[in-house]
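In the UniProt record's numbering, the protein residues as written are 1 to 595.
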């Protein structure tokens, strides 16, 4: 089934839940030409491009993935041409500063565009995603000279970026990075080492690749405090901006993967022929701090990938359920009917739809908080929204990606036996989604971050801020008086109370019983995703009730989905809270030898 971007739902979320009107009023965005009338035009153009150009490549590229021959990676047929069109249309620069050639638009608008390209083809979209993160890291920490040399070409799409962290012995634990950086001149180093799992570390879609590489200098402190960040271009750049000689960085292999097969995942060797030339970003020994800028951008982006893949899987499942005729309905139709008439098929489709809509709303809400953090003229608002965004990033990443696996699995189930057959295409979404809970920080890493840095560090203050906002929505539901609002309120209040009890337990016990607290980290992340997602669905219900007369079919579906989420998915929150509060001892009960 062809991909159809859910533009109407995106605009609903942006306008009614994420506060687009306020976001585009911030001076820096207003100066860039952003307004509420521009957003629909941008989203429609993005939809057209991704539906017509990128989406048709998704299945064929899975069947004919990238290949490596004599150190040269050839991407799947059509990728190079599609990326040239992507770059020429300015999609790489939507969110980046005008002074470097970008459009300077809010992250909220860019997030919707980002969702579309990842739904169209996750493998294709990984290249511009990582380039976005590299640009953000350079704009945060690089010298003006490095910014001027690299950023405009990356925003234009002439060059792309990669993130080179992982080594054979250093996965999630970057303190074990061994790549070496030997100083040659002021700010210039020779880089030696091996990096693995480097997405788009080598390809033929752009003229140059700007690698951001973590490495150690000889006198660096041990652990993460001794890591520095370097720009290592595939081709050196001459003083006039033209490309010079090939740098000493080479692709020695690409991985054969379960999913995202068309994206080349490279093993890169630095310095086999005298050393790869690298340029220090910022100061020595602050590399991980700088790289976290790129990693946080990538983590939010991977959360959006989860929503994107889930949306594609949902659309395919809906179409199959409407087309597949099998058995009579329960009320005794004269002949067989499409399987979408069966209650359990509707349950699966509603589950998929509910998770997607809740996750989308939460992610767009986070994007708006990011915009406020960076562009609001109110200092207090900037500070508060920074806390809101940082709290939501591990939830967007962890909850949305776990959700995507569940949704893609349900998509296969809706297809029945045909879902297990590759030619149907349903299995591709499951295979592609499976990496999302792993790369850019596993779900466990997100959950630990949510507890340690985002909940315990501020004494639960940001979590309590969300609780206050949920309580206001509960008051609005009570004032509404509709049966649907009452049904949602009935489930939202105890879920919020379970969230509050979990936060209180975590804050009270994090120092005295750390293993018990962290044993519930995954449950806490999922609880946060469910409760905050349900809150957004409740807000959507209230908005849909007000707007219903304009499009009853659309808004009635929003109301029904919100109620389904509250009555069928949100009740999990009680069980999750029990796990958080009670299971610490049993989770840690066995010794290593007993496994």
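Glycine is no exception: its CB is placed at the ideal position from the N, C-alpha and C atoms.
Note that the coordinates shown come from a computational prediction; the quantities given were computed from them, not determined experimentally.
Which residues share a DSSP beta bridge with residue 115?
-> None, per the DSSP bridge assignment.
Whole-Å CB distance - residue 307 paired with residue 400, under 8 Å assumed = 5 Å
Per DSSP, cross-strand counterpart(s) of residue 269 = 194, 250
Starting from residue 74 and walking both ways along the beta strand (DSSP E), at which residues does that stretch end?
-> 72-74
Mark residue 256 as exposed unless 16 or more other C-beta atoms lie within 10 angstroms of its C-beta, in which case mark it buried.
-> exposed
Beta-carbon contacts of residue 328 that lie in its chain and below 8 Å, excluding the five residues immediately before and after | 334, 335, 336, 337
Okay, do the region 284-302 and the region 432-441 touch, 3+ Cβ pairs below 8 Å being the bar?
-> yes
Assumed close pair residue 586, residue 498 - CB separation to whole angstroms, cut-off 8 Å = That belief does not hold up - the Cβ atoms of residue 586 and residue 498 are roughly 19 Å apart, past 8 Å.
What is the rounded straight-line gap between the Cα of residue 396 and the Cα of residue 546?
-> 28 Å
Jot down the residue ranges of each uninterrupted beta strand (DSSP E) in the region 302-379, minimum 3 residues, whole runs only, in chain order.
-> none
In the structure shown, what three-state DSSP assignment does residue 180 receive?
-> strand
Ordered along the chain, which non-local residues of its own chain (more than five positions away) have a Cβ less than 6 Å from that of residue 428?
-> 62
Proximity of residue 199 and residue 263 at Cβ, strictly below 8 Å = yes
Less than 8 Å between the CB atoms is what I'm expecting for residue 315 and residue 3, so what's the real figure, rounded?
-> 7 Å
Candidates 185, 192, 480, 523, of which the one nearest residue 584 by Cα | 523
Looking at residue 317 and residue 349, is the spacing between their C-beta atoms short of 8 Å?
-> yes
Where residue 558 and residue 529 are concerned, what is the direct C-alpha to C-alpha distance, given to the nearest angstrom?
-> 19 Å
For the putative contact between residue 179 and residue 270, defined by C-beta atoms under 8 Å, what is the C-beta separation to the nearest angstrom?
-> 7 Å
What first and last residue would you give for the alpha helix (DSSP H) that runs through residue 133?
-> 122-141
Under 8 Å between C-beta atoms of residue 602 and residue 177 = The requested residue 602 is not part of the displayed model; the chain covers only 1 to 595.
Give the straight-line distance between the Cα atoms of residue 341 and residue 83, rounded to the nearest whole angstrom.
-> 41 Å
What are the complete alpha helix (DSSP H) segments, minimum 4 residues, inside the region 3-28?
-> 7-12, 20-25
Flag this pair as yes or no: are the beta carbons of residue 143 and residue 181 separated by less than 8 Å?
-> no
For residue 309, the nearest candidate out of 92, 409, 201, 514 (CA to CA) = 409
For residue 375, the nearest candidate out of 27, 21, 1, 394 (CA to CA) = 27
DSSP on residue 208, reduced to helix/strand/coil?
-> strand
Less than 8 Å between the CB atoms is what I'm expecting for residue 159 and residue 210, so what's the real figure, rounded?
-> 6 Å
Taking 8 Å as the CB-CB cut-off, is residue 17 touching chain B?
-> Within the model displayed, chain B is absent; a lone protein chain is all it includes.
Counting only the same chain and skipping the five closest in sequence on each side, list residues whose C-beta sits under 7 Å from that of residue 554.
-> 8
Please classify residue 202: does DSSP put it in a helix, a strand, or coil?
-> coil
Of the residues 293, 123, 196, which one's Cα is nearest the Cα of residue 267?
-> 196
Name the residue from 73, 72, 391 whose alpha carbon lies nearest to the alpha carbon of residue 452.
-> 391
Are residue 187 and residue 280 touching if we call contact CB-CB under 8 Å?
-> yes
If we ignore side chains and look at the alpha-carbon of each, how far apart do residue 37 and residue 171 end up?
-> 45 Å
Closest by C-alpha distance to residue 537, when choosing among 104, 489, 578 | 489
Determine the DSSP secondary structure at residue 394, reduced to helix, strand or coil.
-> helix
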